[in-house]
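Trainee: Residue numbers for the sequence shown follow the working numbering, beginning at 644 and rising by one.
Before we start, here is the structure in question, set down as structure tokens.
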Amino acid sequence: MSWSITGAVTGRSGSSGGPGRPRRSSSSGRPARRAAAVVAAVTAAAAGLGLLTGGTALARNPADGKSGPVVTRAALDPTLVAGRGANLGFVEQEAENATTNGSVIGPDRTAYTLPAEASGRKAVRLTPGQHVEFTLPSAANAITVRYSIPDAPDGGGITAPLDVTVNGRDRSTMTLTSQYAWLYNQYPFSNDPNAGLLHPDWWITECSCVPDATTPAPVIDKPFRPNHFYDEQRLLLGRTYRAGDTVRLTVPAGSRAAWTVVDLLDSHRVGLPHIEPVAANVLAFGADPSGRRDSADALDRAIAFAQRKHLKVYIPPGTYQVNRHIIVDDVTIVGAGNWYTIIKGRQISLDTPAPDGSVHTGVGFYGKDAADGGSTNVHLSGFAIEGDVRERIDTDQVNGIGGAMSDSTIDGLHIRHTKVGLWFDGPMSNVRITNNVIVDQIADGLNFHTGVTDSVVSNNFVRNSGDDGLAMWSEKTANTRNTFDHNTVQTPVLANGIAVYGGKDNTVSSNLIADPIREGSAIQVGSRFGAEAFTGYLRIADNTTVRAGTYELNWNIGLGAIWFYALEKNIDADIQVTGDHFLDNTYNAIMLVSDWPVKDLYSIRNVRFKDMRVDGTGTSVVSARVAGSASFENVDARNVGAVGVNNCGSFNFPATGSEFSLTDLGGNDGGGTTGPWLAPWELPNTITCDDRPPVIAPSAPSAW
């Protein structure tokens, strides 16, 4: 999401403190010419860190105890998340479970470290000559490798090779890059590892001070707060290999990269290129599938022709250079599949800023602005969008998909290296976003911003977003009757897996959210960023989170896997959290909190928690740092590290008890070393406040 700076950030030791992130703020082609041919055959397919263990290890499948490939989902046994998250057909294998002569790094959940940003908080570190080898669990003809290599000494990234061999032969080479990774410093971050503080007038945890107001001035280590380490590459293997075949990734001798960290490998079985025989084929309008010439104008001409003739637009296999927005309205654009049709662009500096504040443009498919009526009947499917965004500039419209699109569908895209994968500025309604892969973003994966209604985001996979993975942001106009369902969100570097900021009658259901890194968590319900109040209902149902409940840098406290945050308004709508599983929580499973300056102004009331499982907390099941109330029914917990309810209320500590009360509706079982998590002595509002309780690392989650 985009943010604008409104002032210094402050914090209070021993209090609820202040949020570390600033507030958020809320983008033509030529005339077409006539083409003679609209039917064409498909062209040929275009084709630094703590070391825990080292040496070669044969992985064992935790499900059956037999030697063989370990298949995971979000670094979990798949049986623990059955029926939740996205299913896009690929198979995940963690590098730490593979055979390697490198070194396993992690586990570590400390921000600004390579293991902390890895899936499952572990990875494998290779030096030149070392390898990691995966055994295919099923037939595959393509792979995705998630990796990290060092930055250049002065920033900007490097490139380095990674050799890929199958069964000891069939060699190919991936070219890895860190040009889209390695951010530093304070929000909105820098590409320069040697830069001084961007905001020396902000309070920072590292010195518990405001550097500009401190004498003697603190010494701040450089690089300051390195983050966003990972990227990923896809590779078609050229043929289909069988289950049991081995894929070895080797860092060749002489690699420019002093080390290469491999996080995971996804194996795919990619189908043949899709053919659209009766369509406005972009090749007939001058598009260049080699990527040497810009094809933006050719796409505009094909779209205009298709609109007149009521045809689809077809983009055959190839890589097409597009360095600006393609404006879409009342059109269907179909690719050959996102492994075959690649729309790839450079980021271009504008001579003068655009009216919306953009100083760059880049590849993206945009509906018309809502102020101009928006677009309708847009259908995009079967291609990849690859941007060139390497820094975060919040005014820039350099998103993969943007604008307003009503009565539209977006299906089967692969979007990476843009600012936000899909950023919609409403009002708009009835958009269906399905089966997409959104990776390696500088900011959000997807954001419904302002007045998006009756829309669905389902079966999408988001990994390595630089901000919220999926968000509904009701700035100025409420988002209403939307659903985020059966999506997977992994390793958001900053902020939350799924965030809902205000709105009415929305649903977040059956999602899998794993490994949020810092200053956010798996699910946030927030009254902040100028959002409209929560009204009607909010349903959060049947989601699974794992290794969530992060450390909030500027408050210097641990959050919850799900956290409710009343910063600007009360949260008092009909909110029900039902059937969710919170696994391996770094701190709390549930947190309800306000901000210190407004702690006596805003409350969170009548949230209902029911039919839930909590398996492992570093601290508590519930942490309350706000006035209000909640009820609990059939919430089972185990491996709880601290007191089950850490109830600080609004930190006024009245003799009558905490300002936050809990109601036991029955069936709340289990706990930890301190006894039942919801014990009678904690009810209704016993003060049990420990501002920063010791963290007891939970054991790995297991079948209930």
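Every residue gets a Cβ at the ideal spot worked out from N, C-alpha and C, and that includes glycine.
Alpha carbon to alpha carbon, what distance is there between LEU915 and LYS952?
Mentor: 28 Å
Trainee: So, for ASN784: in the same chain, excluding its five sequence neighbours on each side, which residues have a beta-carbon less than 8 Å away from its beta-carbon?
Mentor: LEU879, LEU880, GLY881, ARG882, THR883, TYR884, HIS911, ARG912, VAL913
Trainee: Using 8 Å as the Cβ pair cut-off and three pairs as the minimum, do the stretch 745-761 and the stretch 1112-1125 touch?
Mentor: no
Trainee: Give me the Cα-Cα distance between ALA1176 and LEU1113, rounded to the nearest whole angstrom.
Mentor: Taking the straight line from one Cα to the other gives about 19 Å.
Trainee: Quick test of your reading: ILE970 and PHE1026, contact by CB under 8 Å. State the CB separation rounded to the nearest angstrom.
Mentor: With a Cβ gap of about 17 Å, ILE970 and PHE1026 do not count as contacting.
Trainee: So the alpha helix (DSSP H) GLN950 belongs to, where does it begin and stop?
Mentor: 939-952
Trainee: Would you check if the distance between the CB atom of ILE1085 and the CB atom of ARG1161 is smaller than 8 Å?
Mentor: The answer is no: Cβ separation not under 8 Å.
Trainee: According to the Cβ coordinates, are ASN1130 and ASN1090 closer than 8 Å?
Mentor: Against a cut-off of 8 Å, the Cβ pair of ASN1090 and ASN1130 comes out as no contact.
Trainee: Applying the 10 Å Cβ sphere with the 16-neighbour rule, what's the burial state of SER833?
Mentor: buried
Trainee: Can you check DSSP and say which residues form a bridge with ARG882?
Mentor: Answer by DSSP bridge pairing: none, since ARG882 is not bridged.
Trainee: Go ahead and pull the three-state DSSP assignment for ALA1165.
Mentor: coil
Trainee: So ASP874 packs on TYR790, CB below 8 Å; how close in whole Å?
Mentor: With a Cβ gap of about 7 Å, ASP874 and TYR790 count as contacting.
Trainee: Are the beta-carbon atoms of ARG812 and ASP806 separated by less than 8 Å?
Mentor: no
Trainee: Which two residues bound the contiguous beta strand (DSSP E) that contains LEU907?
Mentor: 903-911
Trainee: Should PHE1104 go down as buried or exposed, given a rule of 16 or more other Cβ atoms within 10 Å for buried?
Mentor: buried
Trainee: Rounded to the nearest angstrom, what separates PRO1323 and ASP1068 at their Cα positions?
Mentor: 48 Å
Trainee: From the DSSP output, which residues share a beta bridge with GLY1271?
Mentor: ILE1247, PHE1303
Trainee: Going straight from the alpha carbon of SER940 to that of THR802, what length do you get?
Mentor: One detail in the question is off: residue 940 reads as Asp in this sequence, not Ser. Whole-angstrom Cα-Cα distance: 31 Å.
Trainee: Return the CA-CA distance between THR820 and VAL905, expressed in angstroms with no decimal places.
Mentor: 13 Å
Trainee: Tell me which residues share the same chain as VAL724 and place their Cβ nearer than 6 Å to its Cβ, disregarding the 5 neighbours each side in the sequence.
Mentor: ARG716, LEU1155, THR1187
Trainee: DSSP state of GLY1046, grouped into three classes?
Mentor: coil
Trainee: I need the DSSP call for TRP1324, collapsed to helix, strand or coil.
Mentor: helix
Trainee: Rounded to a whole number of angstroms, what is the C-alpha to C-alpha distance between MET1048 and THR889?
Mentor: 44 Å
Trainee: How about GLY1179 and ALA1216: do their beta carbons lie closer than 8 Å?
Mentor: yes
Trainee: Fully enclosed by the stretch 1145-1225, which beta strand (DSSP E) runs are 3 residues long or longer?
Mentor: 1146-1152, 1155-1157, 1166-1170, 1177-1184, 1187-1189, 1203-1209, 1217-1221
Trainee: Which residue from PRO1297, ASN1311, GLY1310, TRP1347 puts its Cα closest to that of THR1331?
Mentor: PRO1297
Trainee: Among the residues of its own chain, which have a CB less than 7 Å from the CB of LEU907, if the five just before and after it don't count?
Mentor: GLU735, GLN736, GLU737, ALA738, SER762, ARG789
Trainee: Out of LEU779, ALA824, LEU840, ASP1158, which one is the CA nearest neighbour of ASN613?
Mentor: The shown model of the chain, from 644 to 1347, leaves out residue 613, and the question about it has no answer.
Trainee: Could you round the C-beta distance between ILE1166 and GLY1140 to whole angstroms and report it? I think they count as a contact, below 8 Å.
Mentor: 7 Å
Trainee: Look up ASN924 in the DSSP assignment and say whether it is helix, strand or coil.
Mentor: strand
Trainee: Could you tell me which uninterrupted beta strand (DSSP E) segments, each at least 3 residues in length, are contained entirely in the stretch 791-846, listed from first to last along the chain?
Mentor: 802-809, 812-820
Trainee: Just checking, does the stretch 1269-1285 make contact with the stretch 1302-1317 on the three C-beta pairs under 8 Å criterion?
Mentor: yes
Trainee: Less than 6 Å between C-beta atoms, sequence neighbours within five positions excluded: which residues of the same chain meet that for ARG1182?
Mentor: THR1150, GLN1219
Trainee: For THR1299, count neighbouring C-beta atoms within 10 Å of its own C-beta (all shown protein chains included) and say buried if the count is 16 or more, exposed if not.
Mentor: exposed
Trainee: Hey, quick one: how far does the beta strand (DSSP E) through GLU776 stretch, first residue to last?
Mentor: 774-778
Trainee: Where does GLY763 sit, in a helix, a strand or coil, going by DSSP?
Mentor: helix
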